[in-house]
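For the sequence shown, the numbering used here assigns the number 11 to the initial residue and increments by one for each residue that follows. Virtual Cβ for every residue (Gly too), placed ideally from N, Cα, C. Heads up, the thing below is written out as structure tokens.
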Amino acid sequence: MHIFLQFFEHVEEAVWAVEVLKTSSKPIGVTLCISPHGDMDGVPPGECAVRLVKAGADIVGINCHLDPLTCVRTVKLMKAGLDKARLKTHLMIQPLGFSLPEFPFALETRAMTRWDVQKYAREAYNVGICYIGGCCGFEAYHIRAIAEELAAERGFLPPASEKYGLWRAALEMHSKPWVRARACREYWENLLPASGRPKCPSMATPADE
Ligand SMILES: [Zn+2]
């Protein structure tokens, strides 16, 4: 059994937690909620990872606060720091399931699609992250999408995939021909979903613009 520590904005605090819980002699996983710019004290992600591994962490990574691809970038920087220091450990990621201007009370329109999640799972896997999950905003079907994207690597589909046909099967039987025409992976991977609501902007305005 592992002990998981998460949601640290300061690596210093995370190091203290790892040091204390290491006395349990159980494997420790620890994730920070930081951006590619580093922690709240400006410690870069690579150095954060090195400090955590030196403190005894067996798995390091990122959770919460930012979207999947930004979190993948941060873990990549952590990995680069570890490689430079010739340290090796498992990597972990649990990003948000939505993007931010509507945080926290108007997020339903910003939920990721399952196909966004499949792209994220592939990116994370390609970086060498082995513990791939989700934090706030991830629903059960998002987690299933991670398992489905990586079914070939894992050697099996998750049990929940028995309920429907991935990419094709469910749509091939659809009564409407224009829906049947969407029964391929390419259609869903290339779709840019519109927000669609009357008088809503099609794009959010980031705070720094
Ligand atoms: Zn979260």
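Paired residues, beta bridge with residue 88 - DSSP: None; residue 88 has no bridge partner.
Within 9 angstroms, strictly: CB atoms of residue 100 and residue 140: yes
Per-residue burial, residue 151 [other beta carbons within 10 Å of its own, 16 or more giving buried]: exposed
Residue range of the alpha helix (DSSP H) that includes residue 56: 55-65
Candidates 107, 117, 114 and 112, of which the one nearest residue 130 by Cα: 107
Residues that DSSP places opposite residue 72 in a beta bridge: 42 and 103
Neighbourhood of residue 80 by C-beta, 8 angstroms cutoff - its chain only, sequence neighbours within 5 removed: 45, 46 and 105
Exposure of residue 158, with buried meaning 16 or more beta-carbon neighbours within 10 Å: buried
Span separating the alpha-carbon of residue 38 from that of residue 30: 11 angstroms
Straight-line gap, residue 162 to residue 119 (C-alpha atoms, nearest Å): 31 angstroms
Whole-angstrom distance between residue 202 and residue 10, CA atom to CA atom: The chain is shown only over 11 to 219; residue 10 falls outside these bounds and no answer can be derived.
Neighbouring residues (CB closer than 5 angstroms to any heavy atom of ligand 1): 74, 145 and 146
Bridge partners - residue 121, DSSP secondary structure assignment: 108
Given 8 angstroms, three or more beta-carbon pairs between the region 79-99 and the region 48-61: yes
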